[in-house]
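The structure under discussion appears below in the form of structure tokens.
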Amino acid sequence: MDLLSALSSRRPSSLIGTLLACLAIILLSRRLIRLRHSRSLKVPYNQERVVILGASGGIGRAIAHKYAARGARVCVIGRREVELAKVVEECRAFHLSHNTGAIRAGGSTIFSVAADFTNVEDMVHIRSTVEAEWKGLDTLIVCAGVSALCPLMEVAGLERHGQTFTPAQATMEGIQRTVNVTNAAVKGNYVGPLVSAVTFIPLLASASASPSILLVSSLAAVIPPPTRSLYASTKAASLMLYQVLAIEHPEIAFTHFIPSTVEGDFRTSAVDSGRVREAEPNKHGLKREAVARRCVEAVDEGERMVFMPVILGRGGQIGQLFFPAVVEWIARRKYRFSAI
Ligand SMILES: NC(=O)c1ccc[n+]([C@@H]2O[C@H](COP(=O)([O-])OP(=O)(O)OC[C@H]3O[C@@H](n4cnc5c(N)ncnc54)[C@H](OP(=O)(O)O)[C@@H]3O)[C@@H](O)[C@H]2O)c1
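In this text, residue positions in the sequence shown follow the numbering used here: the first is 8, and each later residue adds one.
Here it is, written out as structure tokens:
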């Protein structure tokens, strides 16, 4: 009797039981394999050297707290020096209050560098500082990014009335403004991650026993959201860049982290000065602390593609394949967008 007829001759309840048992065995063995290759065996938590790009606020700041709390060496990057100084103080407090030992000799445990991650000179300066302090790097978190909140025609200065616009065509100034806003989005969401990768990949690969890079991308990079054309397309570009880099550099564990809306001030920095459309992101969004915890866990476990929440990410992907109209309807509702 072949496997198919053996399975078909069984009662449905015992078949479901067998399938569930197989699933449990697969999940358990994956967990065991991960434990065997546990990164902490190669890079103990209190030895880990972590650079976080975009840590003066938001998710990056919460990630810095997590690493500091378990005794890692942490370098926080952002452009606002005053905020960075506060993050360094917070991280030092976390470091000590969690009884992870005194500030270690041989290089600063926690420090900041004020820098723009799209600026080549700034990034080379960070690398030299990190090399001088720690002689290498284990974990790079690329978290900085910018938002953009308007439908593209609004960026060009057109008001929509169903099928027609006022003015009837985009003006030269309007098209130029669209180009300028696009350049800002490309700079913050694509050029920054690109410069980060080129600057740090050789250092990570050569100086760590278990090098890792985590890119904070967005669900918008995977499931198209109306009113977010520039944000979604520039985040999708950097996601694809890092997906290709993961293949080109198998010696480095890449994690692509894909959250839905997160609480915080991200939308106030919109490069198109657009208004927030979704319902109270600070009430309904993911909590920064939970996002940070999941980011650190994903790096520890060497996970490649992480959706948060899983159901929205994976469900959205499957929905796009089989029910694209439903996914588009949900996206229109979320962003309160109507094309009529
Ligand atoms: N918030 C959400 O709903 C959400 C959802 C999905 C994905 N994401 C992604 O999550 C990431 C972080 O979002 P967030 O909510 O934490 O935003 P946030 O609160 O605005 O924080 C952004 C951080 O990035 C830094 N930054 C921005 N541009 C920079 C530059 N050119 N050079 C250096 N640092 C820069 C900012 O610091 P300075 O201003 O001091 O430079 C700040 O520390 C972004 O990549 C975003 O696309 C956010």
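A virtual CB, placed ideally from N, CA and C, is assigned to each residue, including glycine.
Check                                                                                                                        : Outcome
Helix, strand or coil at PRO231 according to DSSP, with G and I counted as helix                                             : coil
Distance CB(HIS263)-CB(LEU246) smaller than 7 Å                                                                              : yes
Check: PHE207 C-beta below 6 Å from any heavy atom of ligand 1                                                               : no
MET315 - partner residues in DSSP beta bridges                                                                               : PRO266
Where the alpha helix (DSSP H) containing GLU310 begins and where it ends                                                    : Premise fails: GLU310 is in no alpha helix (DSSP H) and is neither H nor E.
Beta-carbon contacts of ASP397 that lie in its chain and below 6 Å, excluding the five residues immediately before and after : Here the chain covers residues 8 to 347 and nothing more, so residue 397 does not appear.
Beta strand (DSSP E) segment containing LEU5, residue limits                                                                 : In the structure displayed, the chain extends from 8 to 347; residue 5 sits before or after that span and is not available.
For GLY164, the residue or residues it bridges with in DSSP                                                                  : Looking at the DSSP assignment, GLY164 forms no beta bridge with any residue, so it has no partner.
Cβ separation of PRO266 and SER225, assumed to be a contact under 8 Å, to the nearest whole Å                                : 7 Å
Host beta strand (DSSP E) of SER119 (start-end)                                                                              : 117-121
heavy atom of ligand 1 below 6 Å from ARG86 C-beta                                                                           : yes
First and last residue of the uninterrupted beta strand (DSSP E) at PHE172                                                   : 171-173
Reduced DSSP secondary structure (H/G/I, E/B, other) of CYS150                                                               : coil
Candidates VAL131, ASN196 and ALA69, of which the one nearest LYS242 by Cα                                                   : ASN196
Identity of the residues DSSP links to VAL58 by a beta bridge                                                                : CYS82 and LEU147
Where ALA212 falls, given that 16 or more other Cβ within 10 Å makes a residue buried                                        : exposed
Beta-carbon contacts of ARG339 that lie in its chain and below 6 Å, excluding the five residues immediately before and after : PRO233
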